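Enquirer: The sequence shown begins at 80 in the working numbering and counts up one residue at a time.
From the three backbone atoms N, C-alpha and C, an ideal C-beta is built for every residue, glycine too.
A quick note: this is a predicted structure, and the numbers were derived from the prediction, not measured.
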Amino acid sequence: MCGIVGYIGEQCAVPILLEGLAKLEYRGYDSAGIAVLDDGTVEVKKQKGKLNNLVNSMNGFYKEAVSGIGHTRWATHGRPNNENAHPHTDCTGKIAVVHNGIIENYMELREWLISRGHSFKSETDTEVLPHLIEELYQGDLVDTLQQVISKVEGSYAMVAMNAENSGELAAARHDSPLIIGLGEGENFLASDIPAILKHTRNTYILEDGEVARITPREVNISDSQGRPVLKEVFKVQWEQGQAEKNGYPHFMLKEIYEQPRAIRDTLAGRVSLDEGKVTLKEIKLDEEKVSQIDKIYITACGTAYHAGMVGKSIIESLARVPVEVDIASELRYRDVMMNENTLVIVISQSGETADTLASLREANRVGARTLAVTNVVDSSIAREAGDVLYTWAGPEIAVASTKAYTTQLVAMYLLGLYLAQKRETIDRGEAVEIINNLRELSTKVETTLQNGEKIKQFAEQYSNSTSSFFIGRGLDYAVALEGALKLKEISYMHAEAYAAGELKHGTLSLIVEGVPVVALATQQHVYDKMISNIKEVKARDATVLALAPEGFTGIEQVVDEAVFIPEAHPVIAPVLTVVPLQMLAYYMALQRGCDVDQPRNLAKSVTVE
Ligand code: F6R
Numbered sequence: 080m081c082g083i084v085g086y087i088g089e090q091c092a093v094p095i096l097l098e099g100l101a102k103l104e105y106r107g108y109d110s111a112g113i114a115v116l117d118d119g120t121v122e123v124k125k126q127k128g129k130l131n132n133l134v135n136s137m138n139g140f141y142k143e144a145v146s147g148i149g150h151t152r153w154a155t156h157g158r159p160n161n162e163n164a165h166p167h168t169d170c171t172g173k174i175a176v177v178h179n180g181i182i183e184n185y186m187e188l189r190e191w192l193i194s195r196g197h198s199f200k201s202e203t204d205t206e207v208l209p210h211l212i213e214e215l216y217q218g219d220l221v222d223t224l225q226q227v228i229s230k231v232e233g234s235y236a237m238v239a240m241n242a243e244n245s246g247e248l249a250a251a252r253h254d255s256p257l258i259i260g261l262g263e264g265e266n267f268l269a270s271d272i273p274a275i276l277k278h279t280r281n282t283y284i285l286e287d288g289e290v291a292r293i294t295p296r297e298v299n300i301s302d303s304q305g306r307p308v309l310k311e312v313f314k315v316q317w318e319q320g321q322a323e324k325n326g327y328p329h330f331m332l333k334e335i336y337e338q339p340r341a342i343r344d345t346l347a348g349r350v351s352l353d354e355g356k357v358t359l360k361e362i363k364l365d366e367e368k369v370s371q372i373d374k375i376y377i378t379a380c381g382t383a384y385h386a387g388m389v390g391k392s393i394i395e396s397l398a399r400v401p402v403e404v405d406i407a408s409e410l411r412y413r414d415v416m417m418n419e420n421t422l423v424i425v426i427s428q429s430g431e432t433a434d435t436l437a438s439l440r441e442a443n444r445v446g447a448r449t450l451a452v453t454n455v456v457d458s459s460i461a462r463e464a465g466d467v468l469y470t471w472a473g474p475e476i477a478v479a480s481t482k483a484y485t486t487q488l489v490a491m492y493l494l495g496l497y498l499a500q501k502r503e504t505i506d507r508g509e510a511v512e513i514i515n516n517l518r519e520l521s522t523k524v525e526t527t528l529q530n531g532e533k534i535k536q537f538a539e540q541y542s543n544s545t546s547s548f549f550i551g552r553g554l555d556y557a558v559a560l561e562g563a564l565k566l567k568e569i570s571y572m573h574a575e576a577y578a579a580g581e582l583k584h585g586t587l588s589l590i591v592e593g594v595p596v597v598a599l600a601t602q603q604h605v606y607d608k609m610i611s612n613i614k615e616v617k618a619r620d621a622t623v624l625a626l627a628p629e630g631f632t633g634i635e636q637v638v639d640e641a642v643f644i645p646e647a648h649p650v651i652a653p654v655l656t657v658v659p660l661q662m663l664a665y666y667m668a669l670q671r672g673c674d675v676d677q678p679r680n681l682a683k684s685v686t687v688e
């Protein structure tokens, strides 16, 4: 939620800030702004709407300035308009602040500041920050920021500048990500790596409670007590091209097509067919600890939660341990029965999702074992979990998650097999069969991607529908939920996922002539039941698009359109089934003229609860 950038050095700050913001627009895009320091004064420019509005309004705005801060916003407090856009300033206009997160006690701080004579221009929680700095300032910006953070409650990554301390920027974080990019004679700040990758691979990752003084030549970090902190340089391994579109019209399409590579990378070095074994060197759970686990919770949000639903089914069937899947925003406020024999698996692409992080902290607090599946190295969730299993999807920029989801599924297979091996609940023959299927998976995804044209035609035909349904049983139901979410998210078409056997308990009344129904039928043991459910909707004149493995012949005769995916072990089918659903959402969104990569009201990294 919200992207922050900062620059201080010898180059013109404005283009660096704008380029950085463009790389962070996925974090929020309802307004954007920058502040630069020029000739002893702070100059601010902000515009509501997408970053392009700001770019088009620059007209040579302070192009000589060599330091500045920038922000792209996802509104929490106050509508998306110019006044509420960041940076926010104090009464004198000398201090400017950008912030990502929520200041929970902003109302009382605002009232106190008003009683001290400050006047506010916006409805935001953030605006208390520059006023607090103004109120507490005694000559040193970083010292002041230390005092400010001792007064604020909530989550923040913030960067401040003050005309009176022109040679430096000050930054602090608590529960929202912030990295410092280390250059030569220049330094950078950003919420995420893509914003600085063009300039440097050397970074410091700011931890909760840390405050930084950034000058062109130095970065000094202190903890919440003001004691100096010696940081290790974290070297970013990504290639810059990974964060670019590489000729694709949208990041989402590029990321859909990157799935075979992402799956290969996530499996690399972790499965051995000869030994019939999964090796997860990074996981510290040995036989003894695994044998003590009597209950597993999987918790996550959105798409990651859907991956967790598949994970439940796999872990229960392979490792024979009861698994509950919980939405993180629910689990954190539930009186969950966890103890040292509980394993809590958190799944998060970004590793920063506020509710998932809070659930992880709760699990750690009660002494449960915790394991994170995440795509972002050294993210908050990765740092705080007992164990981490990384997905190697590479940077995912489109708001709609695609390759992160399929690699999360791969992580679930790996974990299921790993736990089953340790618990001795799987025989070698079955393990070899699943591992073999995993090794063939990326090639099969490549084959599945060839269905693009057929899916596109279906999308063109039904793009005017107002509502759609996704049905399936067992693992297919979990994938149906993901397919419906994807469609809603980027095409704004209403979509509902139903366990196919449940339709007749109410929802069937919505199935009328022409309503598109996507039916997933990949699970052999319930195939006949699924065919009956498809016939039920066909009898109400729905238009049915079915997804089934090659070899499930006959289904094409009962539906309007059938897309066949390569045959695979039934537990692997979700990875193959979801690919056409991602494409369906993509083409539907294109057809309906939606902004595929940046759907309305959403943001990539949800660092507020
Ligand atoms: C949907 C989507 C979201 C995320 C959710 C959790 O396409 O991407 O539903 O899955 O916001 O995000 P992470 O995985 O970063 O915790």
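Which residues share a DSSP beta bridge with GLU403?
Expert: Note: GLU403 sits in a beta bridge opposite TYR376.
Enquirer: Within 10 angstroms of its Cβ, does THR453 collect 16 or more other Cβ (buried), or is it exposed?
Expert: Per the 10 Å Cβ criterion, buried.
Enquirer: Can you tell me the Cβ-Cβ gap for ARG296 and ALA249, rounded? I've got them flagged as a contact below 8 Å.
Expert: ARG296 to ALA249, Cβ: 16 Å. No contact.
Enquirer: What does the alpha-carbon distance come out to for the pair GLY218 and GLU243?
Expert: Cα to Cα, GLY218 sits roughly 8 Å from GLU243.
Enquirer: Who are HIS150's beta bridge partners in DSSP?
Expert: DSSP output for HIS150 lists ILE83 and GLY112 as bridge partner(s).
Enquirer: Secondary structure at PHE548, three-state DSSP: helix, strand or coil?
Expert: PHE548: strand per DSSP, three-state reduction.
Enquirer: May I have a chain-ordered list of the alpha helix (DSSP H) segments no shorter than 4 residues that lie completely inside the stretch 221–289?
Expert: Counting whole runs of 4 or more residues, the stretch 221–289 contains no alpha helix (DSSP H) stretch at all.
Enquirer: With DSSP collapsed to three states, give me the class of GLN126.
Expert: DSSP places GLN126 in strand when its eight states are reduced to three.
Enquirer: Relative to the C-alpha of ASN641, which candidate in GLU441, VAL597 and CYS91 has its C-alpha closest?
Expert: In the sequence on display, residue 641 carries Ala and not Asn. The residue with the shortest Cα to Cα distance from ALA641 is VAL597.
Enquirer: Between PRO159, ALA510 and ILE644, which lies nearest to ILE393 when the distance is taken from Cα to Cα?
Expert: If we check each option's Cα against that of ILE393, ALA510 comes out closest.
Enquirer: Residues in the same chain with beta-carbon distance under 8 Å from GLU289, minus the five sequence neighbours each way, listed in chain order, please.
Expert: Taken in chain order, the residues that qualify are ALA251, ARG252, ILE300, SER301, ASP302, SER303 and VAL308.
Enquirer: So, does the CB of ASP287 fall closer than 8 Å to a CB anywhere in chain B?
Expert: Protein chains in the displayed structure number just one, and chain B is not present.
Enquirer: Assign THR120 to buried or exposed, taking buried as 16 or more other Cβ atoms, counted over all protein chains shown, within 10 Å of its Cβ.
Expert: THR120 should be labelled exposed.
Enquirer: Between ASP434 and SER458, is the Cβ-Cβ spacing less than 8 Å?
Expert: Going by C-beta atoms, ASP434 is not nearer than 8 Å to SER458.
Enquirer: Given the structure, does THR601 come close to the ligand F6R, in the sense that its CB is under 7 Å from one of the ligand's heavy atoms?
Expert: Outside the cutoff, so no.
Enquirer: From VAL402 to ASN184, what does the alpha carbon distance come to, in whole angstroms?
Expert: One C-alpha to the other measures close to 37 Å.
Enquirer: Given this structure, state the Cα-to-Cα distance separating TYR327 from LYS333, to the nearest angstrom.
Expert: Cα to Cα, TYR327 sits roughly 6 Å from LYS333.
Enquirer: Note the first and the last residue of the continuous alpha helix (DSSP H) segment covering TYR689.
Expert: The first residue shown for the chain is 80 and the last is 688, placing residue 689 beyond what the model contains.
Enquirer: Quick one: is HIS385 buried, meaning 16 or more other Cβ sit within 10 Å of its Cβ, or exposed?
Expert: It is buried - the Cβ of HIS385 has at least 16 other Cβ atoms within 10 Å.
Enquirer: Using 7 Å as the cut-off, classify the Cβ of ALA668 as near or not near the heavy atoms of the ligand F6R, replying yes or no.
Expert: For the ligand F6R, not one heavy atom lies less than 7 Å from the Cβ of ALA668.
Enquirer: Helix, strand or coil: how does DSSP classify PHE643 here?
Expert: Three-state DSSP puts PHE643 in a strand.
Enquirer: Please work out which residues of its chain come closer than 7 Å, Cβ to Cβ, to ALA383, disregarding the five sequence neighbours upstream and downstream, and give them in chain order.
Expert: Closer than 7 Å at Cβ, skipping near neighbours: ILE426, SER427, GLN428 and GLN487.
Enquirer: Taking only three categories from DSSP, how would you classify LYS310?
Expert: DSSP places LYS310 in coil when its eight states are reduced to three.
Enquirer: Tell me whether GLY390 sits in a helix, a strand or coil according to DSSP, three-state version.
Expert: Correct three-state label for GLY390: helix.
Enquirer: Look at LEU422 and ALA398 and say whether their C-beta atoms are less than 8 Å apart.
Expert: No, Cβ-Cβ distance for LEU422 and ALA398 is not below 8 Å.
Enquirer: Look at the Cβ atom of VAL658, then the Cβ atom of LEU528, and state whether they are nearer than 8 Å.
Expert: Yes, these two residues count as a Cβ contact at 8 Å.
Enquirer: Are the CB atoms of LEU188 and LYS230 nearer to each other than 8 Å?
Expert: Yes, the Cβ-Cβ distance between LEU188 and LYS230 is below 8 Å.
Enquirer: Which same chain residues end up closer than 7 Å to VAL207 when comparing Cβ atoms and leaving out the 5 residues on each side of it in sequence?
Expert: Once the five neighbours on either side are set aside, the close Cβ partners of VAL207 are ILE182, TYR185, LEU188, ARG189 and LEU192.
Enquirer: Could you check the C-alpha separation between LYS523 and PRO653 for me, to the nearest Å?
Expert: If I take the Cα positions, the gap works out to 12 Å.
Enquirer: Could you check whether the Cβ of SER459 sits closer than 7 Å to any heavy atom belonging to the ligand F6R?
Expert: Checking every heavy atom of the ligand F6R against the Cβ of SER459, none is found closer than 7 Å.
Enquirer: Report whether the distance from the Cβ of SER480 to the nearest heavy atom of the ligand F6R is below 7 Å.
Expert: Yes, the ligand F6R has a heavy atom inside 7 Å of this Cβ.
Enquirer: Using the C-alpha atoms, what's the distance from GLU311 back to ASP118?
Expert: Spanning the two alpha carbons is a distance of roughly 35 Å.
Enquirer: Can you check which of these residues, ILE272, ASN680 and ILE424, is closest to ASP405 by C-alpha distance?
Expert: Checked all of ILE272, ASN680 and ILE424; the closest Cα to ASP405 is ILE424.
Enquirer: Given THR545, which residues of its chain have a CB within under 8 Å of its CB, disregarding the five upstream and five downstream residues?
Expert: Once the five neighbours on either side are set aside, the close Cβ partners of THR545 are MET572 and HIS573.
Enquirer: With distances taken from CA atoms, which of THR632, TYR606 and PRO595 is nearest THR689?
Expert: Because residue 689 is not part of the residues shown, which for the chain are 80 to 688, the question remains open.
Enquirer: Which residue's Cα is closest to the Cα of VAL350: ILE284, VAL221 and TYR492?
Expert: Taking only the C-alpha atoms, the option nearest VAL350 is TYR492.
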